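One structure below.
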Amino acid sequence: MAGTNAVGKPLSNYTAFAVNASWNFKKGSEWNEVYSNLVYGVGAYGANFPDKKEVGVPLALYGFVQSNITKIGLLDLRYEIDLGMAFNWRYLGISNTNNVAVSLPRTVFVDFGLMLDCPISKDIIVGFGTGISHFSNGGTRRPNAGINTSTFKGSIKYSLNPYQTKTGVLPPFEPKTQVDLAIFAGYHNFQATAEDLLPEELFEGVNANVAGVYATLNRKNSRKSRFGIGLGVTYDEGLTTQVGKLNGEPFKIKKKGVENIEASAHLSYEFTVGKVSMLLQQGIYFYRRNNNILAPPQYHRLGARFNFHENLFVGASLRAYEFKKANFIEYTIGRRF
116 MAGTNAVGKP LSNYTAFAVN ASWNFKKGSE WNEVYSNLVY GVGAYGANFP DKKEVGVPLA
176 LYGFVQSNIT KIGLLDLRYE IDLGMAFNWR YLGISNTNNV AVSLPRTVFV DFGLMLDCPI
236 SKDIIVGFGT GISHFSNGGT RRPNAGINTS TFKGSIKYSL NPYQTKTGVL PPFEPKTQVD
296 LAIFAGYHNF QATAEDLLPE ELFEGVNANV AGVYATLNRK NSRKSRFGIG LGVTYDEGLT
356 TQVGKLNGEP FKIKKKGVEN IEASAHLSYE FTVGKVSMLL QQGIYFYRRN NNILAPPQYH
416 RLGARFNFHE NLFVGASLRA YEFKKANFIE YTIGRRF
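Counting from 116, one number per residue, gives the positions in the sequence shown under this note's numbering.
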């Protein structure tokens, strides 16, 4: 993507399209009152990069939410958050050694956009805006540089039913303090550098398992948001994993034991829409037996949760660092007390 490719120059532009189907909450429902004209739905996305031989033609399926920020006359300023999976990549391999951005045929797809919508008739709305997208496999196979894009967007919407307006009626809300207890598991991949291994050895690597538990003390001060602080313990085999070549022979080392344990503290924010929520945490490791050069002391956790039975939830989160580098994906189950 930076110019080490068959084209010989950075890929500085691309085109994309998306088709969405959306629904809104019923008039008078709690969530329609909390979020002005919120809609949710599913969509399909396709991107066209100049260097198809090395990048492919990625396609994505995703879920999304949109909500109003403010109105300016007839204009409606809205935000949109998309989260899904992208497929059909031409990924890193023996026959495609330049694409260090994508090393699997599938990646996570995340998009955040701002749109200014304007109705031109009772049923038709046109809009324009901007957005940023991220594609990554979350460290499940390396190298995993990922792809970040920024776009100008244009849209046209046809409404089968009008947006549900607010009634101004909400049941009383009482702030509460809650504790979330979550356990997670996952893995990430380690590889040697190209100088260490032959091409046929380069793309195998070794997987390092990850598991852990964390607890968060949250204050729910509105229907939308929870703020909290917490502690966590992680067992990460990646702290002692080594891959390379010694005396002409490739080697892989993956140790087990207390050297893989690390403890951390975090600040937490959770944004809730019905049974679905988005999780954002900023953490710092305060105990490590090993210092892993791939992961500095600070980390971020970005994920989604689904509350499927009263106080039980499942989810998936990306643990990353430096606001751009994926470490691993956590698959989570937990309970709220």
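Yeah, the Cβ is synthetic: ideal placement off N, Cα and C, and Gly gets one too.
Everything numeric in this text was worked out from a predicted model, so none of it was measured.
Beta carbon of V183 nearer than 9 Å to that of L153 = Here residue 183 refers to the residue found at position 68 when the sequence shown is read from its first residue. Here residue 153 refers to the residue found at position 38 when the sequence shown is read from its first residue. The question names Val, but residue 183 in the sequence shown is Asn. Yes, Cβ-Cβ distance for N183 and L153 is below 9 Å.
Could you check what DSSP says for T130 in three-state terms: helix, strand or coil?
-> Here residue 130 is taken as the residue at index 15 of the sequence shown, counted from 1. In the structure shown, T130 sits in a strand (DSSP, three-state: E or B).
Cutoff 6 Å; reference R334; Cβ partners in own chain excluding five residues on either side = Position 219 of the sequence shown, counting from 1, holds the residue named residue 334. Cβ neighbours of R334 beyond the five flanking positions: T292, F342.
Using the Cα positions of A435 and F428, report the straight-line distance between them to the nearest angstrom.
-> Against the sequence shown, residue 435 aligns to sequence position 320. Against the sequence shown, residue 428 aligns to sequence position 313. Approximately 22 Å, taken between the alpha carbons.
Of the choices I262, V294, N252, whose alpha-carbon is the least far from that of V170?
-> As a position in the sequence shown, residue 170 is number 55, starting the count at 1. Here the closest residue by C-alpha is I262.
Given 8 Å, three or more beta-carbon pairs between the segment 246 to 255 and the segment 216 to 235 | yes
If you follow the beta strand (DSSP E) that E352 is part of, which residue opens it and which one closes it?
-> Position 237 of the sequence shown, counted from the start, is the residue given in the question as residue 352. No beta strand (DSSP E) holds E352; DSSP gives it neither H nor E.
Quick one: what does DSSP say A309 is sitting in, helix, strand or coil?
-> As a position in the sequence shown, residue 309 is number 194, starting the count at 1. Note that A309 scores a pLDDT of 49, beneath 50, so its modelled location is shaky; the value from the coordinates is reported in the next line. Coil at A309, not helix or strand.
Taking DSSP as the reference, what is the three-state secondary structure of K335?
-> Sequence index remark: in the sequence shown, residue 335 carries index 220 (1-based). DSSP places K335 in strand when its eight states are reduced to three.
Between L394 and S337, is the Cβ-Cβ spacing less than 9 Å?
-> The count along the sequence shown starts at 1 and reaches residue 394 at position 279. The count along the sequence shown starts at 1 and reaches residue 337 at position 222. No, the Cβ-Cβ distance between L394 and S337 is not below 9 Å.
Exposed unless 16 or more other CB atoms sit within 10 angstroms - verdict on N139 = The residue given as residue 139 occupies position 24 in the sequence shown. Label assigned to N139: buried.
Ordered along the chain, which non-local residues of its own chain (more than five positions away) have a Cβ less than 6 Å from that of F202?
-> Residue mapping note: residue 202 aligns to position 87 of the sequence shown, counting from 1. The answer, listed in chain order, is L174, R221.
Is DSSP giving N276 helix, strand or coil here?
-> For the purposes of this step, residue 276 is taken as the residue at position 161 of the sequence shown. Three-state DSSP puts N276 in coil, outside helix and strand.
Cβ of G418 within 9 Å of Cβ of T387?
-> As a first step, residue 418 is located in the sequence shown; it is residue number 303 there, counting from the start. As a first step, residue 387 is located in the sequence shown; it is residue number 272 there, counting from the start. No. Outside cutoff.
Leaving aside the five residues before and after F443 along the sequence, list all residues of the same chain whose C-beta is less than 7 Å from its C-beta, in chain order.
-> For the purposes of this step, residue 443 is identified with residue 328 of the sequence shown, where counting begins at 1. G253, G254, G301, Y302, H303, V325, R434, listed in sequence order.
Can you give me the start and stop residues for the beta strand (DSSP E) that V172 sits inside?
-> Working through the sequence shown from its first residue, we reach residue 172 at position 57. That run of the beta strand (DSSP E) goes 171 to 187.
Within the same chain, show all residues whose beta-carbon is closer than 6 Å to that of Q396, passing over the 5 residues directly before and after it, in chain order.
-> Here residue 396 corresponds to residue number 281 of the sequence shown, with the count starting at 1. H381, S383, R416.
Return the bridge partner residues of G269 from the DSSP annotation.
-> Mapped onto the sequence shown, residue 269 falls at position 154. According to DSSP, which records beta bridges pairwise, G269 is partnered with F243.
Among residues of its own chain, excluding the 5 on either side of G353, which ones have a beta-carbon nearer than 6 Å to its beta-carbon?
-> Here residue 353 is taken as the residue at index 238 of the sequence shown, counted from 1. The residues are H303, A323.
Quick one: what's got a C-beta closer than 6 Å to R451's C-beta in the same chain, skipping five residues either side?
-> Against the sequence shown, residue 451 aligns to sequence position 336. Answer for R451: Q293, D295, N426, listed in chain order.
Where does K440 fall in DSSP's three states?
-> Looking up residue 440 in the sequence shown gives position 325. The answer is strand: DSSP assigns K440 an E or B state.
Report yes if the CB atom of R403 is closer than 9 Å to the CB atom of A378, and no otherwise.
-> The residue labelled residue 403 in the question sits at position 288 within the sequence shown. The residue labelled residue 378 in the question sits at position 263 within the sequence shown. Contact: yes.
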